[in-house]
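Heads up: the structure comes next, in structure tokens.
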Amino acid sequence: MYPGLPEPPPLGTAMLPPGTFAGVTVFVTGGGTGLGRAMAVEFARCGAAVGIASRDAAHRERGVAEVRSVGGEAVGVPCDVRDPEAIRGAFDAVEEALGPVTVLVNNAAANFPVAAADLSPNGWRAVTDIVLDGTFLCSHELHRRCAERQSPGVILNILATQAFTGGPGMAHAAAAKAGVGNLTKSLAVEWGPEGIRVNALAPGLFPHEDMREDLKVLRAQPPHGDGDTATGNDQAAIDARRQPAFRTGRRHELGWAATYLCSPFAAFLTGHTLVVDGGNHLRRDFVMPPVTPIRDQLPPRT
Numbered sequence: 276m277y278p279g280l281p282e283p284p285p286l287g288t289a290m291l292p293p294g295t296f297a298g299v300t301v302f303v304t305g306g307g308t309g310l311g312r313a314m315a316v317e318f319a320r321c322g323a324a325v326g327i328a329s330r331d332a333a334h335r336e337r338g339v340a341e342v343r344s345v346g347g348e349a350v351g352v353p354c355d356v357r358d359p360e361a362i363r364g365a366f367d368a369v370e371e372a373l374g375p376v377t378v379l380v381n382n383a384a385a386n387f388p389v390a391a392a393d394l395s396p397n398g399w400r401a402v403t404d405i406v407l408d409g410t411f412l413c414s415h416e417l418h419r420r421c422a423e424r425q426s427p428g429v430i431l432n433i434l435a436t437q438a439f440t441g442g443p444g445m446a447h448a449a450a451a452k453a454g455v456g457n458l459t460k461s462l463a464v465e466w467g468p469e470g471i472r473v474n475a476l477a478p479g480l481f482p483h484e485d486m487r488e489d490l491k492v493l494r495a496q497p498p499h500g501d502g503d504t505a506t507g508n509d510q511a512a513i514d515a516r517r518q519p520a521f522r523t524g525r526r527h528e529l530g531w532a533a534t535y536l537c538s539p540f541a542a543f544l545t546g547h548t549l550v551v552d553g554g555n556h557l558r559r560d561f562v563m564p565p566v567t568p569i570r571d572q573l574p575p576r577t
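Residue numbering for the sequence shown follows my numbering, beginning at 276 and increasing consecutively.
Below, the structure written as structure tokens:
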């Protein structure tokens, strides 16, 4: 058995110098759960004050609590990234509590596995409105504020490796993420002269407790469809078999990548997408998962 890539330093290890983001306010959409929360925590470790934006009050509370648990300052704000007025209000609330936002992490996302033939127009828009439109609208708001203040800024968009490869059951999500990848390049070129950098992260498999149950179907399919689906502790073994790294990502590894791209140490880096997936997008082996159309998942009408 090959050893695979080595494990990272433990959670809580400092990657950047202490205080790298001191005096900086970071706005993280979808920052209360999963990878968004992991990135928010790493920004806080580096000294940033963090605005946790989410439609769900419980998610906001969890995100704020975890940031504060590492000594960070945070505030949670309701935000629907599909609504420009809601975005403006969320930015206003964060800036009133923490100071001017100069770093934006566009992490809010939506996804559900469904065969393209069964994907309804509403299902398509449910994903693209949040992933693509929401990323643009939030970026537009940060740009407006930076332009008014004549201050620099940083935008970090979150992609997925399916943006490069496509994937079964992911036509809507992969297309939206690919659009965000192109948007990243366009905004980097347009806004660079104004001092605004725009980059992206494309995470691979980073298991976390907030992963949707239906998305776990994709993970439970053995490579090339050989053998039974995974249960219990077998899941980790199947995850590792898929990866050239022979392991999955650790959430703080993604947080380190996010903080680096938004830090002064990446001041000459813009328009770039950093893939953090242990090389897995170079060896795609998804089989077609069993997918259930959304209309069949809904309870019958009475």
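The C-beta atom is built at its ideal place from N, Cα and C for all residues, glycine as well. In this text the structure is predicted, and so the values were computed from the model without any measurement.
Since Pro-353 is in the beta strand (DSSP E), which residue starts that stretch and which ends it?
348-353
Identity of the residue in Pro-574, Ile-471, Gly-374, Ala-533 nearest Phe-543 by Cα
Ile-471
Take Arg-558 and list the residues in its own chain whose beta-carbon comes closer than 7 Å to its own, dropping the five residues that flank it on each side.
Pro-519
Can you tell me which of Asp-408, Arg-330, Val-380 puts its alpha carbon nearest to the alpha carbon of Ala-533?
Val-380
Consult DSSP for Pro-539 and reduce its assignment to one of helix, strand or coil.
helix
Taking the alpha carbon of Gly-530 as the point to measure from, which residue in Val-299, Leu-310, Leu-280, Thr-304 has its own alpha carbon closest?
Leu-310
Determine the extent of the alpha helix (DSSP H) in which Ile-405 is found, giving its start and end residues.
It is not in any alpha helix (DSSP H) - Ile-405 carries neither H nor E in the DSSP assignment.
Determine whether the beta carbon atoms of Arg-363 and Glu-423 lie at a separation below 8 Å.
no
Which ranges would you report for the beta strand (DSSP E) in the region 331-394 if only whole runs of at least 3 residues count?
348-353, 376-381
Cut-off 6 Å between Cβ atoms - residues of its own chain near Thr-459, not counting five sequence neighbours on either side:
Asn-432, Val-473, Ala-475
So, for Glu-528: in the same chain, excluding its five sequence neighbours on each side, which residues have a beta-carbon less than 6 Å away from its beta-carbon?
Pro-283
Since Asn-457 is in the alpha helix (DSSP H), which residue starts that stretch and which ends it?
446-466
Over what stretch of residues does the beta strand (DSSP E) that includes Phe-302 continue unbroken?
300-304
Reduced DSSP secondary structure (H/G/I, E/B, other) of Arg-320
helix
C-alpha gap between Val-376 and Glu-360, whole angstroms
17 Å
If you run the structure through DSSP and keep just helix, strand and coil, what is Leu-286?
coil
Could you pull the DSSP bridge partners for Asp-555 from this structure?
Note that residue 555 is Asn in the sequence shown, not Asp. BP columns for Asn-555 are empty, so no partner.
Please list the terminal residues of the continuous alpha helix (DSSP H) segment that includes Ala-438.
437-440
Pro-427: buried (16+ other C-beta within 10 angstroms of its C-beta) or exposed?
exposed
Beta bridge counterpart(s) of Arg-476 as assigned by DSSP:
First, the residue type needs correcting, since residue 476 is Leu and not Arg in the sequence shown. The partner list for Leu-476 (beta bridge, DSSP) reads Ile-433, Leu-549.
Using three-state DSSP, classify Gly-309 as helix, strand or coil.
helix
For Gly-287, is the classification buried or exposed, using 16 other Cβ atoms within 10 angstroms of its Cβ as the cut-off for buried?
exposed
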